Structures are given as structure tokens and as C-alpha cells.
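K.L.:
There's a structure below that I have some questions on.
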Amino acid sequence: MAARAAARHWRLGRLAHSFDVPMPDAPARPERPQLLAPGRMPKRRKGGTEANRIALLHALAHIEFVAIDLAFDLVGRFGGQFPAAFADDWMKVGADEAMHFVLLDRRLRQLGSFYGAHPAHDGLWESAYETRHDALARLAVVPMVLEARGLDVTPATIARLESAGDSVSAKILNRIYNDEISHVFAGTKWFETGCSEHRILPKDYWKVLVNRHFRGSVKPPFNDSARLSAGLSRDYYA
């Protein structure tokens, strides 16, 4: 609710394009879920049982919860380096992520669970912390690697939910999938805008930044059509 209210205040001109408050290195977190290191997370099975689907939806809800902070941190930390249209885009992304979280949390409650009932991955903020001093690095890694990965894996997840007879959850993921294309598009657009201002070749510099700041690997399978719709052509990542 706070995220959507902030986006609404920005849209209505109630917030100034002013960024004079230092951003914290990490956002506040609720007492639950328990946050674990990646290696301590319980293995999640891919079967179609309700328990497995609840675990999957909980993991996705946590991703969306952290994505709210990722969007607003991007605005608060780097908004002064870009025109107001940058904040326009990322405030909307933050509101989208909040809606995604609400949809998933509501679905968990319909299934007898809730966000916080399971432990969650504590590594999602690492990329934000790693790129806290560089706007282009943040754009290269968070929307153009992490969110783009969601475009690769979500269609198969939707198909698994459909095959398990959970069309309600599948519809939620389909909505998230379509919104995430626009989020990756915003990341690519502003990355290329920043590179153009510095007279840097974006596709070459993206590879440099990903190698420098992303601890994982960018590997197939790739959803080339969704990535292209988001402005992320194969000469970035292939």
C-alpha cells in the first residue's frame, strides 16, 4: 500500500524531483519470512502437489516483495542523474511489483498459507548492494539480467501450473510475465540512454558491467522473443 501510494503521489505531482536523502544500504524487512543464505534454502520440488505449488508461489511472492524495494531504491539512489521520466518509469514499476506481491499473497491465503510461512532467499539484495554506486551497473544487472531471467523461466512455470489444474495461479503469473516485459524494456531503455550520454557502446559495456558485478552466469535457455520485445536483443547476451 505504501508503494502504490508513493507512486500515486509522484504521478499527481505531490513529490518533488529532488533526491537529497541518502538511501540505506539495505531496506527494512518484516520479522517473517526467515531469510536464509542460498545454500541453506530447502530444495523446492517441481511436482504438482499443493504443497509444492505453495512453496513455489511463496518464493515468487518474495521475489516480488524485494522487487518493490529494488524499484524504489533505483529512483531514490539514482533519480537525480536522470530526467523526471526516469522516475516516472520506475515509480510505475514499483507500483506494479506491489500489485504482483498482493496477487501472490492473496493466492497463498486462498491456499491456506501466507507470505512469511516459509523461509526465503536472502541473496536477492546482493546485486543491488553490489551496484549501489553505479546507475548503469544497477540497470545492467537488475532489470537486464535478473528480471530478464524471469522472462525465460516464467512460461514453463505457467505451463506447470496449468497442467496441475491451478489456472488461477497461472493467470497471476501470466499477468506478471507481461508486466515484466515492460520492466526489462525500461531497464534497457535507460541503460542505453545513459550509455549514449557517456558515448559508450551499450552492448559492449553491458558485458563489462555484468562480468564485473554479477556473481552468477547469463546462460540459456533464453526466451528470445520476450527479450526482444523488451529491447534486449541477442547481441547483448547470446
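Under UniProt numbering, the first residue of the sequence shown carries the number 1, and numbering increases by one thereafter.
Note that beta-carbon positions come from the ideal geometry of N, C-alpha and C, so glycine has one too.
Predicted, not measured: the structure shown is a model, and the values here were computed from it.
With DSSP as the reference, identify every bridge partner of L36, one or two as the case may be.
P.N.:
As a position in the sequence shown, residue 36 is number 36, starting the count at 1. H121.
K.L.:
Please go through the same chain and pick out, in chain order, the residues whose beta-carbon is closer than 8 Å to the beta-carbon of P30, but skip the five residues on each side of it.
P.N.:
Translated into the one-based positions of the sequence shown, residue 30 becomes position 30. Excluding positions up to five away in sequence, the list reads G116.
K.L.:
My guess is that T232 and A148 are in contact by the Cβ rule of under 8 Å, so how many angstroms apart are they, rounded?
P.N.:
Taking the first residue of the sequence shown as 1, we reach residue 232 at position 232. Taking the first residue of the sequence shown as 1, we reach residue 148 at position 148. The sequence as given places Leu at residue 232; Thr does not occur at that position. 6 Å between Cβ atoms; contact.
K.L.:
To the nearest angstrom, report how far apart E180 and V208 are at their CA atoms.
P.N.:
As a first step, residue 180 must be located in the sequence shown, where it is residue number 180. As a first step, residue 208 must be located in the sequence shown, where it is residue number 208. Looking at the two C-alpha atoms, the distance is approximately 24 Å.
K.L.:
Would you say A2 and Q81 are within 8 Å of each other, going by their C-beta atoms?
P.N.:
As a first step, residue 2 must be located in the sequence shown, where it is residue number 2. As a first step, residue 81 must be located in the sequence shown, where it is residue number 81. The answer is no: Cβ separation not under 8 Å.
K.L.:
What residue range is occupied by the uninterrupted alpha helix (DSSP H) comprising K207?
P.N.:
Start at 1 with the first residue of the sequence shown, and residue 207 comes out as number 207. Residues P202 to H213.
K.L.:
Given a threshold of 16 other Cβ atoms within 10 Å of its Cβ, counted over all protein chains shown, does T49 qualify as buried or as exposed?
P.N.:
Here residue 49 refers to the residue found at position 49 when the sequence shown is read from its first residue. Classification for T49: exposed.
K.L.:
I need the straight-line Cα distance from D152 to F222, nearest angstrom please.
P.N.:
Here the question's residue 152 lines up with position 152 in the sequence shown. Here the question's residue 222 lines up with position 222 in the sequence shown. Distance between the alpha carbons of D152 and F222: 5 Å.
K.L.:
Determine the closest residue to L35 out of L111, H118, L56 and V218, with distance taken between C-alpha atoms.
P.N.:
Taking the sequence shown and counting its residues from 1, one reaches residue 35 at position 35. Comparing Cα-Cα distances from L35 to each of L111, H118, L56 and V218, the minimum goes to H118.
K.L.:
Residue range of the alpha helix (DSSP H) that A26 falls in?
P.N.:
The residue given as residue 26 occupies position 26 in the sequence shown. Note, A26: premise wrong, no alpha helix (DSSP H); not H, not E.
K.L.:
Spatial neighbours of A67 within its chain, please: CB distance less than 6 Å, with the 5 preceding and 5 following residues excluded, ordered by chain position.
P.N.:
Translated into positions along the sequence shown, residue 67 becomes position 67. Excluding sequence neighbours, A67 sits near E97.
K.L.:
For a test of the three-state rule: what should DSSP assign to L60, helix, strand or coil?
P.N.:
The sequence position of residue 60 within the sequence shown is 60, counting from 1. The answer is helix: DSSP assigns L60 an H, G or I state.
K.L.:
For the alpha helix (DSSP H) containing A159, name the first residue and the last one.
P.N.:
Residue 159 sits at position 159 when you count from the first residue of the sequence shown. Run containing A159: A148 to S163, per the alpha helix (DSSP H) assignment.
K.L.:
Roughly how many angstroms lie between the CA atoms of R14 and K43, to the nearest whole one?
P.N.:
Counted from its first residue, the sequence shown places residue 14 at position 14. Counted from its first residue, the sequence shown places residue 43 at position 43. Taking the straight line from one Cα to the other gives about 45 Å.
K.L.:
Can you confirm whether the segment 123 to 143 touches the segment 177 to 191 when touching is taken to mean that 3 or more C-beta pairs between the two stretches lie within less than 8 Å?
P.N.:
Yes, since at least three Cβ pairs between the segment 177 to 191 and the segment 123 to 143 fall closer than 8 Å, the two stretches touch.
K.L.:
Using beta-carbon positions only, say whether W206 and M144 come within less than 8 Å of one another.
P.N.:
Taking the sequence shown and counting its residues from 1, the one referred to as residue 206 is at position 206. Taking the sequence shown and counting its residues from 1, the one referred to as residue 144 is at position 144. Yes, they are a contact pair.
K.L.:
If you draw a straight line from the alpha carbon of P38 to that of A226, how long is it in whole angstroms?
P.N.:
Numbered from its first residue, the sequence shown carries residue 38 at position 38. Numbered from its first residue, the sequence shown carries residue 226 at position 226. Roughly 28 Å between the two C-alpha positions.
K.L.:
Run the CB neighbour count on L201, radius 10 Å, all protein chains shown included, and call it buried at 16 or more, exposed below.
P.N.:
Residue mapping note: residue 201 aligns to position 201 of the sequence shown, counting from 1. Burial call: exposed.
K.L.:
Is it a yes or a no for the segment 69 to 84 touching the segment 157 to 171, going by three-plus beta-carbon pairs under 8 Å?
P.N.:
The segment 69 to 84, when compared against the segment 157 to 171, does not touch it at the 8 Å Cβ threshold.
K.L.:
What did DSSP end up calling residue 286 once you bin it into helix, strand or coil?
P.N.:
Outside the shown range of the chain (1 to 238) lies residue 286, about which nothing can therefore be said.
K.L.:
Judging by CA-CA distance, which residue of R40, F72 and R77 is the nearest neighbour of G94?
P.N.:
Counting from 1 along the sequence shown, the entry for residue 94 is found at position 94. When each option's Cα is compared against that of G94, the closest is F72.
K.L.:
Exposed or buried, G150, counting other C-beta atoms within 10 Å across all chains shown (16 or more means buried)?
P.N.:
On the sequence shown, residue 150 is found 150 positions in, with the first residue counted as 1. When all chains shown are included, G150 counts as buried.
K.L.:
If distances are taken between C-alpha atoms only, which option among L103, A87, G76 and W125 comes closest to L60?
P.N.:
Mapped onto the sequence shown, residue 60 falls at position 60. Ranking L103, A87, G76 and W125 by Cα distance to L60 puts L103 first.
K.L.:
Using the rule of at least 16 other Cβ atoms within 10 Å of the residue's Cβ for burial, across every protein chain shown, is G112 buried or exposed?
P.N.:
On the sequence shown, residue 112 is found 112 positions in, with the first residue counted as 1. G112 comes out exposed.
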